[in-house]
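Visitor: Residue numbers (our numbering), protein chains in the order written: chain Z, 64 to 267; chain L, 10 to 339.
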Amino acid sequence: MLDTAFFLSWLTLAAEAVDREAGRLTELDSAIGDADHGSNLRRGFAAVRAALDAEPPATPGAVLVLAGRQLISSVGGASGPLYGTLLRRTGKALGDAPEVSPGEFAEALRAGVAAVAELGGATAGDKTMLDALEPAAAALAGTTDSFAAARTAAEEGARATVPLQARKGRASYLGERSIGHRDPGAASSALLLAALAQAAEDRA
Amino acid sequence: MKMLINVPETVVADALRGMAAAHPELTVDVERRVVVRGDAPVAGKVALVSGGGSGHEPLHCGFVGPGMLDAACPGEVFTSPVPDQMVRAAAAVDSGEGVLFVVKNYTGDVLNFRMAQELAEDEGVRLATVLVDDDVAVSDSLHTAGRRGTGATLFVEKIAGAAAEEGAPLERVESLARQVVGSCRSFGVALGACSTPAKGGPTFDLPPGELELGIGIHGEPGRERRPMMTSGEIADFAVGAVLEDLRPSGPVIALVNGMGGTPLLELYGFGAEVHRVLSERGVPVVRTLVGNYVTSLDMAGCSVTLCRADEELLRLWDAPVRTPGLRWGR
């Protein structure tokens with residue numbers, strides 16, 4: 064079972080990864096966006112950590128809902144509402160149980176990813192974060208062992224955005240010139256999934 | 010890249026502190042990032058709220074004041090503000106007559122304002138949103154995020170703002186704003202990339218002998234790159250692209266806008282070329298505004314916005330306005 068401490072550890076690892084990789088995310092964003100994805104997410108996850116430290120929530124669902132709300136309130140851009148919705152809706156789907164099974168989490172994450180797709184009006188193949196999130200959510204088979212598979216699926220999904228032409232977000236204005244660059248949102252989503260797998264491994 | 014800043018993290022807050030010092034007629038909340046006209050809420054008046062990433066000054070905070078916006082929410086540089094800011098702004102300016110959000114069609118702005126509208130409506134604020142999408146450089150809206158909102162934003166804020174100042178109800182202010190969006194088209198060119206404080210250097214690479222046609226206002230590259238052209242050739246291209254889409258049958262108001270890094274000497278010269286092209290095409294120009302109004306930090310370049318001006322739009326355009334970035338009349 065996954066308890067509140069597991070989710071706190073996931074988000075802490077995610078915040079560390081975003082902090083470490085902020086420069087790379089901004090570099091990816093400068094190629095096809097406006098060069099702020101890393102600094103925006105770093106600001107958001109710093110706010111997440113501060114909020115979780117100040118008043119640690121009592122359930123897995125509450126951890127994710129609070130984290131999502133912090134991202135919406137501090138990131139801005141498109142990634143604030145999108146990542147905020149991902150965590151908030153995943154958290155809401157978990158309800159107020161003190162512990163959740165990996166299967167319940169997998170189902171909740173799929174609900175969160177679906178909410179992101181609905182909010183952004185995007186689908187896999189549009190060269191967005193969904194290209195990493197959808198295969199990752201699909202790879203979660205209801206066991207913590209499958210978290211590693213989700214990490215691999217997200218990373219491969221992010222890599223597979225390179226040859227795509229962007230159809231959503233600011234990169235879409237580049238048309239064919241967006242081809243050849245990794246999508247920064249898919250790259251940051253892969254970091255989030257890598258942190259999840261790391262949290263599962265640390266726990267084992 | 011040398012910049013007149015302390016550290017990138019405080020650029021927006023530092024600018025807001027300076028605005029507060031220079032404009033005591035505004036209420037500037039540096040901490041929460043909301044700029045409000047000092048006499049808000051104005052009884053009996055629909056309130057206009059806009060916002061977007063910083064780096065486009067004077068848009069939007071510089072357009073807060075009588076005759077234009079009641080409040081503006083600045084985000085981080087080139088990053089949309091967060092919903093909390095809009096909710097706070099709406100609450101600060103709503104006199105009970107309702108609030109109009111003026112939103113540029115960029116994914117981040119659209120998503121954050123949409124969330125803000127839900128939250129503010131939960132608190133009982135009557136709200137309408139108008140989406141500005143005037144950029145003809147984005148032609149294929151089926152496979153992109155749709156046309157960007159650029160120079161027309163100034164027209165919407167000025168004209169709808171004047172109607173609100175006269176006491177028009179929310180439905181009227183909203184429909185006028187939509188009419189203005191439908192009456193405006195823009196096209197922008199970059200002669201050089203802008204530099205964001207966070208990156209500390211140019212956001213894209215533009216060789217000295219080339220220019221970008223069809224840029225947005227966030228330092229994003231355009232749709233096409235060509236060898237450098239003369240001011241007259243650029244006017245032919247940009248005005249031609251706007252007219253092809255706008256097809257005005259009467260007079261227009263022209264905005265010759267600098268992107269932040271082009272001197273007025275060049276902008277006025279370019280404005281003369283814009284007038285020449287319009288004259289050759291038989292389009293009368295009834296008003297012309299030349300200057301830096303919707304900028305991209307220090308980007309060299311310009312944009313042209315044309316607005317089909319019927320009698321009422323022209324009257325509202327001429328109505329008095331008193332803001333840091335735009336003021337005329339009484």
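In this text, a Cβ means the ideal position worked out from N, Cα and C, and glycines have one as well. What you are looking at is a predicted structure, and each value in this text was computed from that prediction instead of being measured.
1. Check the Cβ of Phe164 (chain L) against every Cβ in chain Z and list those closer than 7 angstroms, keeping chain order.
2. State the DSSP-derived secondary structure class of Arg194 (chain L), mapped to helix, strand or coil.
3. Counting only runs that start and end within the region 192-258 of chain Z, where is the alpha helix (DSSP H) found for 4 or more residues in a row?
4. Are there three or more Cβ pairs, one per stretch, closer than 8 angstroms when the region 239-256 of chain L is compared with the region 188-205 of chain L?
5. Give the DSSP-derived three-state secondary structure of Ala137 (chain L) in the structure shown.
6. I want to see whether chain L comes within less than 8 angstroms of Ile242 (chain Z), judged by CB atoms only; does it?
7. If you follow the alpha helix (DSSP H) that Gly249 (chain L) is part of, which residue opens it and which one closes it?
8. Please decide whether Lys231 (chain Z) counts as near chain L, where near means a Cβ-Cβ distance under 8 angstroms.
9. Which residues share a DSSP beta bridge with Ala80 (chain L)?
10. Which bits of chain L does Ala258 (chain Z) rub up against, with CB to CB less than 9 angstroms?
11. Ser305 (chain L) and Gly334 (chain L) - do their beta-carbons sit closer together than 8 angstroms?
12. If I'm right that Gly249 (chain Z) touches Thr224 (chain Z) with Cβ under 8 angstroms, what's the distance once you round it to whole angstroms?
13. For Asp93 (chain L), which beta-bridge partners are listed by DSSP?
14. Under a Cβ-count criterion, where at least 16 other Cβ atoms within 10 Å of its own Cβ denotes burial, should Lys190 (chain Z) be classed as buried or exposed?
15. Can you give the beta carbon distance from Leu120 (chain L) to Ala141 (chain Z), rounded, assuming they're within the 8 angstroms contact cut?
16. Please identify, using Cβ separations under 8 angstroms, the residues of the region 142-160 of chain Z that lie next to chain B, in order along the chain.
17. Do Ala186 (chain L) and Val102 (chain L) have their beta-carbon atoms positioned less than 8 angstroms apart in this structure?
18. Going by C-alpha distance, which of Z:Thr148, Z:Leu157, Z:Glu167 is nearest Glu181 (chain Z)?
19. Applying the 10 Å Cβ sphere with the 16-neighbour rule, what's the burial state of Glu118 (chain Z)?
20. Counting only the same chain and skipping the five closest in sequence on each side, list residues whose C-beta sits under 8 angstroms from that of Leu109 (chain L).
21. Which of the three DSSP states is assigned to Thr67 (chain Z) in this structure?
22. Please state whether DSSP places Ser164 (chain Z) in a helix, a strand or coil.
23. Which whole runs of the beta strand (DSSP E) in the region 199-236 of chain L are 3 residues long or more, in chain order?
24. With 16 other CB atoms within 10 Å as the buried threshold, where does Trp73 (chain Z) fall?
25. Using the C-alpha atoms, what's the distance from Ile14 (chain L) back to Gly154 (chain Z)?
26. Are Arg233 (chain Z) and Thr116 (chain L) closer than 8 angstroms when you measure CB to CB?
27. List, in order along the chain, the chain Z residues whose C-beta lies closer than 7 angstroms to that of Asn121 (chain L)?
28. Cα separation between Ile95 (chain Z) and Glu175 (chain L)?
29. Name the chain L residues that come within less than 8 angstroms of Ser273 (chain Z), Cβ to Cβ?
30. Applying a beta-carbon distance threshold of less than 8 angstroms, which residues of chain L neighbour Thr89 (chain Z)?
31. List the endpoints of the continuous alpha helix (DSSP H) containing Leu154 (chain L).
32. The region 64-90 of chain L: which residues have C-beta closer than 8 angstroms to a C-beta of chain Z, in chain order?
33. Measuring alpha carbon to alpha carbon, tell me which of L:Val286, L:His227, L:Arg336, L:Ala30 ends up nearest Met98 (chain Z).
34. So which residues of chain L does Leu182 (chain Z) contact, with C-beta pairs closer than 8 angstroms?
35. Closer than 8 angstroms by C-beta to Pro226 (chain Z): which residues in its own chain qualify, once you throw out the five before and the five after it? Chain order, please.
36. Alpha carbon to alpha carbon, how far is Asp66 (chain Z) from Glu197 (chain Z)?
Guide: Answer, in terms of the structure:
1. The sequence position of residue 164 (chain L) within the second sequence is 155, counting from 1. Neighbours of Phe164 (chain L) on chain Z: none; closest Cβ ~22 angstroms, over 7 angstroms.
2. Sequence index remark: in the second sequence, residue 194 (chain L) carries index 185 (1-based). Three-state result, Arg194 (chain L): strand.
3. 193-202, 209-222
4. yes
5. Numbered from its first residue, the second sequence carries residue 137 (chain L) at position 128. Here Ala137 (chain L) sits in strand by DSSP.
6. As a position in the first sequence, residue 242 (chain Z) is number 179, starting the count at 1. No, Ile242 (chain Z) does not count as interfacial toward chain L.
7. Here residue 249 (chain L) is taken as the residue at index 240 of the second sequence, counted from 1. From DSSP, the alpha helix (DSSP H) with Gly249 (chain L) extends over 240-255.
8. In the first sequence, residue 231 (chain Z) corresponds to position 168, counting from 1. Yes, Lys231 (chain Z) counts as interfacial toward chain L.
9. Position 71 of the second sequence, counted from the start, is the residue given in the question as residue 80 (chain L). In the DSSP output, where bridge partners are listed per residue, Ala80 (chain L) has L:Val45, L:Val58.
10. Counting from one through the first sequence, the residue named residue 258 (chain Z) turns up at place 195. Those do not exist, as Ala258 (chain Z) stays about 23 angstroms from chain L at its closest Cβ, beyond 9 angstroms.
11. Taking the first residue of the second sequence as 1, we reach residue 334 (chain L) at position 325. Taking the first residue of the second sequence as 1, we reach residue 305 (chain L) at position 296. Cβ distance not < 8 angstroms, so Gly334 (chain L) and Ser305 (chain L) don't count as in contact.
12. Counting from 1 along the first sequence, the entry for residue 249 (chain Z) is found at position 186. Counting from 1 along the first sequence, the entry for residue 224 (chain Z) is found at position 161. Sequence check: residue 249 (chain Z) is Ala here, not Gly. The Cβ separation is near 5 angstroms, so the contact holds.
13. In the second sequence, residue 93 (chain L) corresponds to position 84, counting from 1. Answer is none; Asp93 (chain L) lacks a bridge partner.
14. In the first sequence, counting from the first residue as 1, residue 190 (chain Z) sits at position 127. Lys190 (chain Z) should be labelled buried.
15. Here residue 120 (chain L) corresponds to residue number 111 of the second sequence, with the count starting at 1. Here residue 141 (chain Z) corresponds to residue number 78 of the first sequence, with the count starting at 1. With a Cβ gap of about 6 angstroms, Leu120 (chain L) and Ala141 (chain Z) count as contacting.
16. Here chain B cannot be found, since the structure's protein chains are Z and L.
17. Position 93 of the second sequence, counted from the start, is the residue given in the question as residue 102 (chain L). Position 177 of the second sequence, counted from the start, is the residue given in the question as residue 186 (chain L). Contact flag unset, no.
18. The count along the first sequence starts at 1 and reaches residue 181 (chain Z) at position 118. Answer by Cα proximity: Z:Thr148.
19. Position 55 of the first sequence, counting from 1, holds the residue named residue 118 (chain Z). Counting Cβ neighbours within 10 Å, Glu118 (chain Z) comes out exposed, since fewer than 16 surround it.
20. Numbered from its first residue, the second sequence carries residue 109 (chain L) at position 100. Counting only Cβ-Cβ distances below 8 angstroms, and skipping sequence neighbours, we find Val55, Ala56, Leu57, Val58, Leu136, Ala137, Thr138, Val139, Ala169, Ala173, Leu179, Val182, Glu183, Ala186.
21. On the first sequence, residue 67 (chain Z) is found 4 positions in, with the first residue counted as 1. Here Thr67 (chain Z) sits in helix by DSSP.
22. The residue labelled residue 164 (chain Z) in the question sits at position 101 within the first sequence. Coil.
23. 219-222, 233-236
24. For the purposes of this step, residue 73 (chain Z) is identified with residue 10 of the first sequence, where counting begins at 1. It is buried - the Cβ of Trp73 (chain Z) has at least 16 other Cβ atoms within 10 Å.
25. For the purposes of this step, residue 154 (chain Z) is taken as the residue at position 91 of the first sequence. For the purposes of this step, residue 14 (chain L) is taken as the residue at position 5 of the second sequence. So the alpha carbons of these two residues sit roughly 40 angstroms apart.
26. Taking the first sequence and counting its residues from 1, one reaches residue 233 (chain Z) at position 170. Taking the second sequence and counting its residues from 1, one reaches residue 116 (chain L) at position 107. A contact, by the Cβ cut-off of 8 angstroms.
27. Here residue 121 (chain L) is taken as the residue at index 112 of the second sequence, counted from 1. Under the 7 angstroms cutoff, chain Z gives Gly139, Gly143, Pro144.
28. In the first sequence, residue 95 (chain Z) corresponds to position 32, counting from 1. In the second sequence, residue 175 (chain L) corresponds to position 166, counting from 1. Spanning the two alpha carbons is a distance of roughly 43 angstroms.
29. Since the first and last residues shown for chain Z are 64 and 267, residue 273 (chain Z) lies out of range.
30. Locating residue 89 (chain Z) in the first sequence gives position 26, counting from the first residue. Correct list: Ala207, Lys208.
31. One-based indexing of the second sequence puts residue 154 (chain L) at position 145. In the sequence as presented, Leu is not what sits at residue 154 (chain L); that position holds Ala. Unbroken run through Ala154 (chain L): none, as it is neither H nor E.
32. Gly84, Glu85, Val86, Phe87, Thr88, Ser89, Pro90
33. For the purposes of this step, residue 98 (chain Z) is taken as residue 35 along the first sequence, with counting starting at 1. Looking at the sequence shown, residue 98 (chain Z) is not Met but Ala. The residue with the shortest Cα to Cα distance from Ala98 (chain Z) is L:His227.
34. To locate residue 182 (chain Z), count along the first sequence from 1; it is residue 119. Within 8 angstroms Cβ-Cβ: Leu120.
35. Within the first sequence, the letter at position 163 stands for residue 226 (chain Z). Counting only Cβ-Cβ distances below 8 angstroms, and skipping sequence neighbours, we find Ile242, Gly243.
36. Residue mapping note: residue 66 (chain Z) aligns to position 3 of the first sequence, counting from 1. Residue mapping note: residue 197 (chain Z) aligns to position 134 of the first sequence, counting from 1. Near 24 angstroms, if we compare the C-alpha coordinates of Glu197 (chain Z) and Asp66 (chain Z).
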